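Residue numbers (this note's numbering): 39 to 394.
We put the beta carbon where it would ideally sit given N, CA and C, even for glycine.
A quick note: this is a predicted structure, and the numbers were derived from the prediction, not measured.
Reading through the structure tokens given below for one structure.
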Ligand code: PMP
């Protein structure tokens, strides 16, 4: 990214952009169109609404947290008829319930779901959702902003119409680039979709009708090279083990998990704060005392949880550092945590230690 700027209409940049799209096809596991938006992930979410729907269309949204509810907000801002299957924050959406609600929401054009709900740590079983929706006629749109490249996802094999993501998560690139795969069915639906759109029109984005974010595309090229050299399966396995390590460390300290204690929850581990402890203070103490930045609870979970993210350019030593910083912050705040055991439990669960 620090190399001299390339002209965005010249052959050198086009070669890089083509390579990035090819690499992203491997990551999305999609043979469809690959779009690079100069926006954050939300731009690709919005485009997945405005490019698929017409005024007054009915859509189904299944949400279980902050980012799932964003689909509702976007669809409503376009005046769509939103059928909202709302799960409480922290719950895991049930594929059969989504399918049943879609039958009730007769004629829904699209179903919007979240793969990894970053606000809670829940990763939904999108493959099962897609299976239940087969033959329904509705297009399945998946927010994979915090899962693409970390958790297995198969756009073509699972029949996902649109998948959206962002550069700043597991694709290990600075913020500012949204990514999307668009299936042929979604592409053809966009031809008839009459919602207003301009800079986020898929046709415009796909042809780089506006100036692309050249340096970010170059950074993404390098990052995808790293990811594909590791291999998607190996990367998914690493994330699975990082999740196991983080959960094992938190439990060893005597803390209660908010996110599910299951392998699919490989993106972010949400940990409940012990009684009387404000998570916002713990987040601040971890940053100021130990230089470790973690997330707090969003929206209705503010103060109640701390979220340790473990996607992208992360190894087990990052997780153990976060656990040690959490232990220190909690102990200093007077929470009765078990000290001196979390790091050991995490390394054991990660299962990559040379044992004597
Ligand atoms: N969806 C999910 C699951 C996310 O984690 C995020 C960002 N944290 C977004 C959507 C929004 O992405 P952005 O902030 O890049 O617009």
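Any heavy atom of the ligand PMP inside 7 Å of the beta-carbon of residue 108? yes
Could you check whether the Cβ of residue 187 sits closer than 7 Å to any heavy atom belonging to the ligand PMP? no
CA-to-CA distance, residue 197 to residue 61, given in whole angstroms: 20 Å
So if DSSP puts residue 218 in a beta bridge, which residue, or which two residues, is it bridged to? 73, 202
What does the alpha-carbon distance come out to for the pair residue 140 and residue 151? 12 Å
Name the DSSP bridge partner or partners of residue 155? 160
Would residue 380 and residue 370 be called neighbours here (beta carbons separated by less than 8 Å)? no
Would you please state the rounded distance, in angstroms, between the beta carbons of residue 183 and residue 203? I believe it to be under 8 Å. 5 Å
When you compare only the Cα positions, how much space is there between residue 389 and residue 356? 15 Å
Neighbourhood of residue 279 by C-beta, 8 Å cutoff - its chain only, sequence neighbours within 5 removed: 354, 387, 388, 389, 390
What number of angstroms, rounded off, separates the C-alpha of residue 94 from the C-alpha of residue 119? 6 Å
On the DSSP bridge assignment, give the partners of residue 349 in chain order. For residue 349, which the question treats as bridged, DSSP gives no partner whatsoever.
Under the three-state reduction of DSSP, which class applies to residue 388: helix, strand or coil? helix
Since residue 211 and residue 261 should fall inside the 8 Å C-beta cutoff, what is the C-beta to C-beta distance between them, to a whole number of angstroms? 5 Å
Going along the chain, which residues of its own chain have a beta-carbon closer than 6 Å to the beta-carbon of residue 235, five neighbours each way excluded? 88
Using three-state DSSP, classify residue 143 as helix, strand or coil. coil
Does DSSP put residue 301 in a helix, in a strand, or in coil? coil
Counted within 10 angstroms of its Cβ, other Cβ atoms place residue 191 as buried (16 or more) or exposed: buried
Residue 383 burial status per 10 Å Cβ neighbour count (16 or more: buried): buried
Once the 5 residues before and after residue 283 are set aside, which same chain residues still bring their CB inside 6 Å of it? 354, 357, 384, 387, 388
Quick check on the DSSP output: what are the complete beta strand (DSSP E) runs of length 3 or more inside the region 267-323, in order along the chain? 306-310
Which residues in the same chain as residue 394 place their Cβ atom closer than 7 Å to its Cβ, once the five residues preceding and following it in sequence are excluded? With a pLDDT of 49 at residue 394, under the threshold of 50, the modelled position of this residue cannot be trusted; read the value that follows with caution. None.
When the Cα of residue 368 is compared with those of 332, 205, 315, which residue comes out closest? 315
Can you tell me which of the three DSSP states residue 95 falls into? coil
Could you please give me the residues that DSSP links to residue 2 through a beta bridge? Here the chain covers residues 39 to 394 and nothing more, so residue 2 does not appear.
What is the residue span of the alpha helix (DSSP H) that residue 339 lies within? From DSSP, residue 339 is part of no alpha helix (DSSP H); its letter is neither H nor E.
Go through its chain and collect everything with a Cβ distance to residue 169's Cβ below 6 Å, but skip five positions before and after it. none
Buried versus exposed call for residue 226 [16 or more other C-beta atoms within 10 Å across all chains shown]: exposed
Tell me which same chain residues have a C-beta within less than 7 Å of the C-beta of residue 292, skipping the five on either side of it? 375, 376
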